[in-house]
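J.:
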Amino acid sequence: MSVRSRLHFSQNRLTISSVDIQSVEPVDQRTRDALQKSVQLAIEITTNSQEATARHEAERLEQEARGKLERQRITDQAEAEKARRELLELEALR
1 MSVRSRLHFS QNRLTISSVD IQSVEPVDQR TRDALQKSVQ LAIEITTNSQ EATARHEAER
61 LEQEARGKLE RQRITDQAEA EKARRELLEL EALR
């Protein structure tokens, strides 16, 4: 199929040089419904994917924060044990 720059009708000397297409819609209602359903499904899939990605990132950040908190708790507990041991050693020297 070739695209012509002009379309000329010799009967009435009409020449069409350009066409401005504003929109294309299916004439058949079933096709229109199927297209609308397809677009809606694509939007849902994209939305669900974005939600899952955001949920996964939030869970990862929460898990990372819990890990840091647990490490800090262990470090604090070790320092408290060390201080308690030093106190007991000092009391034993008296």
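With UniProt numbering applied, the sequence shown corresponds to residues 1 to 94, in that order.
Glycine included, every Cβ here is placed at the ideal spot set by N, Cα and C.
1. In whole angstroms, give me the CA-to-CA distance for Ser5 and Ser38.
2. So the beta strand (DSSP E) Ile16 belongs to, where does it begin and stop?
3. Which residues in the same chain as Arg73 place their Cβ atom closer than 6 Å to its Cβ, once the five residues preceding and following it in sequence are excluded?
4. For Ala58, which residues from the same chain have a beta carbon less than 7 Å from its beta carbon, with the 5 sequence-adjacent residues on both sides left out?
5. May I ask you to list the residues that DSSP assigns as paired with Leu7?
6. Could you check where the alpha helix (DSSP H) with Gln22 kicks off and where it finishes?
T.: This is what the structure holds:
1. Taking the sequence shown and counting its residues from 1, one reaches residue 5 at position 5. Taking the sequence shown and counting its residues from 1, one reaches residue 38 at position 38. Looking at the two C-alpha atoms, the distance is approximately 35 Å.
2. In the sequence shown, the residue the question calls residue 16 occupies position 16. First-last of the beta strand (DSSP E) with Ile16: 14-16.
3. Within the sequence shown, the letter at position 73 stands for residue 73. Nothing listed; no residue qualifies.
4. To locate residue 58, count along the sequence shown from 1; it is residue 58. Cβ within range, chain order: n/a, list empty.
5. One-based indexing of the sequence shown puts residue 7 at position 7. According to DSSP, Leu7 bridges with Ile16.
6. Residue numbering aside, residue 22 sits at position 22 when the sequence shown is read from its first letter. Premise fails: Gln22 is in no alpha helix (DSSP H) and is neither H nor E.
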